[in-house]
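Since the structure comes first, as structure tokens, the remarks are kept for the end.
There are 2 protein chains.
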Amino acid sequence: MELAEAKSKFVETWGKLGSEWGINRTMAQVHALLLITPGELTTEEIMEKLSISRGNANMTLRDLIGWGLVEKQHKPGERKEYFFADKDAWKIAQQVAKERSKRELDPVIKVLDELTKVQGDINDPEFKTFNKSVTDINKLAKNVNRTLEIMLKADGNWFWKGIFKLFK
Amino acid sequence: MELAEAKSKFVETWGKLGSEWGINRTMAQVHALLLITPGELTTEEIMEKLSISRGNANMTLRDLIGWGLVEKQHKPGERKEYFFADKDAWKIAQQVAKERSKRELDPVIKVLDELTKVQGDINDPEFKTFNKSVTDINKLAKNVNRTLEIMLKADGNWFWKGIFKLFK
DNA sequence: CTAAACTTTCAAAAAGTTCTGAAAGTTTAT
DNA sequence: ATAAACTTTCAGAACTTTTTGAAAGTTTAG
Numbered sequence: 272m273e274l275a276e277a278k279s280k281f282v283e284t285w286g287k288l289g290s291e292w293g294i295n296r297t298m299a300q301v302h303a304l305l306l307i308t309p310g311e312l313t314t315e316e317i318m319e320k321l322s323i324s325r326g327n328a329n330m331t332l333r334d335l336i337g338w339g340l341v342e343k344q345h346k347p348g349e350r351k352e353y354f355f356a357d358k359d360a361w362k363i364a365q366q367v368a369k370e371r372s373k374r375e376l377d378p379v380i381k382v383l384d385e386l387t388k389v390q391g392d393i394n395d396p397e398f399k400t401f402n403k404s405v406t407d408i409n410k411l412a413k414n415v416n417r418t419l420e421i422m423l424k425a426d427g428n429w430f431w432k433g434i435f436k437l438f439k
Numbered sequence: 272m273e274l275a276e277a278k279s280k281f282v283e284t285w286g287k288l289g290s291e292w293g294i295n296r297t298m299a300q301v302h303a304l305l306l307i308t309p310g311e312l313t314t315e316e317i318m319e320k321l322s323i324s325r326g327n328a329n330m331t332l333r334d335l336i337g338w339g340l341v342e343k344q345h346k347p348g349e350r351k352e353y354f355f356a357d358k359d360a361w362k363i364a365q366q367v368a369k370e371r372s373k374r375e376l377d378p379v380i381k382v383l384d385e386l387t388k389v390q391g392d393i394n395d396p397e398f399k400t401f402n403k404s405v406t407d408i409n410k411l412a413k414n415v416n417r418t419l420e421i422m423l424k425a426d427g428n429w430f431w432k433g434i435f436k437l438f439k
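Sequences listed follow chains A and B, in order. Per our numbering, the first sequence starts with residue 272, numbered consecutively. Per our numbering, the second sequence starts with residue 272, numbered consecutively.
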């Protein structure tokens, strides 16, 4: 496979995975493009390479900055803004985990905490089933949360080593 | 909070989480409804409780069965089909992990494996960056995959115990 | 101050996804 | 064989999300 072909395949695959996981396809593609680009890119270059509009490029880049995945850079003497992505895979994973857990998991845990407090007649099967399901899911969500906290503090190597020790 | 209110809050919250994670909102809601229902429900009852059409209910239930989250039940002497959800939170998590990794992670790993094989000039920064990013992401994806495999075999209690030992 | 170079905004259009409901299909009982 | 009870299908409608592009805004240089 040619390098050029491989690059577009990477961008395409990353975009597809993103959209399956609730991340805007274009956003994932712009990120992918920056990941395989040695230096920085301007808005103009991104628009061109991915055939997207100026508005789309601008908003997507802003979102990526909001996710902590991309940084703006200014070059001395230049007016243009350059965009650059951190290429450390473990850091990217940490950043995504951090944001998604903050934006999506935390609010759910908050609701589940409230729902576990709902009182009812323990002999009512409706209440019993509700209470059990909510309580169990809440526990699971909290375990996931604690695990993510470990992951966010950890060095990648150390983390996986620990996980794989579980095997033996 | 009233039980009735709590129930709809649960269904709504689950639906929202689902849609943020690339799972159809209605599908997550139907699953939530079945999770807090002691017995089984008919298509008719689901349609009514969630105000959705027959077609939607039917397709959603089929999908949920495809995900291994819901089962059809037949009652002797009855023509209707009843639907029932396994309520064990750990099993649900395993099932979702299994399906998503099969449907989404595996195909990506297959592409990444191909892309890591692409040959190029090690002095070309374009190639170097491409190769490094792809290789690193591939490694990460494989670690995730191995971890999911452990999770799929494991008992929930044992799995979390192991994870939290990482702390000390 | 003015113009050029660039970025941001946002209303409307396009694209993508989900839902409806009526018709077709299937199964079972008589 | 017929009818009743139920399930499945799918074309089009409704809804949601994403994208465009032109206008407005901002910054810098002279």
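Don't be surprised by glycine CBs; every beta carbon is placed ideally from N, CA and C. The structure displayed is predicted, hence computed values, not measured ones.
Which residues in chain A sit within 7 Å of B/I307, going by Cβ to Cβ distance? T400, F401, S404
Starting from B/F281, follow the alpha helix (DSSP H) in both directions and report where the run begins and ends. 274-291
How big is the Cα-Cα spacing for A/I336 and B/L423? 35 Å
Would you mind telling me which residues of chain B sit closer than 9 Å to A/E397, beta carbon to beta carbon, in chain order? L274, K278, I307, T308, P309
Taking all protein chains shown into account, decide if B/I307 is buried (16 or more other Cβ within 10 angstroms of its Cβ) or exposed. buried
To which residues of the same chain is B/K358 closer than 7 Å at the C-beta, ignoring the five residues directly before and after it? L306
Starting from A/T315, find everything on chain B with Cβ-Cβ shorter than 9 Å and list it in chain order. A small correction: the amino acid at residue 315 of chain A is Glu; Thr does not occupy that position in the sequence shown. Here the premise fails: no neighbours, minimum Cβ distance about 19 Å.
Please state whether DSSP places B/F401 in a helix, a strand or coil. helix
Interface flag, A/A368 vs chain B, CB-CB below 8 Å: no
Drop a sphere of 10 angstroms on the beta-carbon of B/I393, count the other beta-carbons inside from all chains shown, and report buried for 16 or more, exposed for fewer. exposed
Outcome for B/F435 when other beta-carbon atoms lying within 10 angstroms are tallied against a minimum of 16: exposed
So within the region 334-375 of chain B, which uninterrupted alpha helix (DSSP H) runs reach at least 4 residues, ignoring any that extend past its ends? 360-371
Take A/L304 as the anchor and find which of B/L437, B/W361, B/G339, B/T400 has the nearest alpha-carbon. B/T400
I want to verify the contact list: residues of chain B whose CB lies under 9 Å from the CB of A/T418, in sequence order. W431, I434, F435, L437
Please state the DSSP three-state secondary structure of B/L312. strand
Mind checking B/E349: buried by the 16 CB within 10 Å criterion, or exposed? exposed
Got a sec: is the Cβ-Cβ distance from B/D407 to anything in chain A below 8 Å? yes
Using a 10 Å radius around the Cβ and a threshold of 16 neighbouring Cβ atoms, would you call A/K278 buried or exposed? buried
Between which two residues does the alpha helix (DSSP H) holding A/A303 run? 296-306
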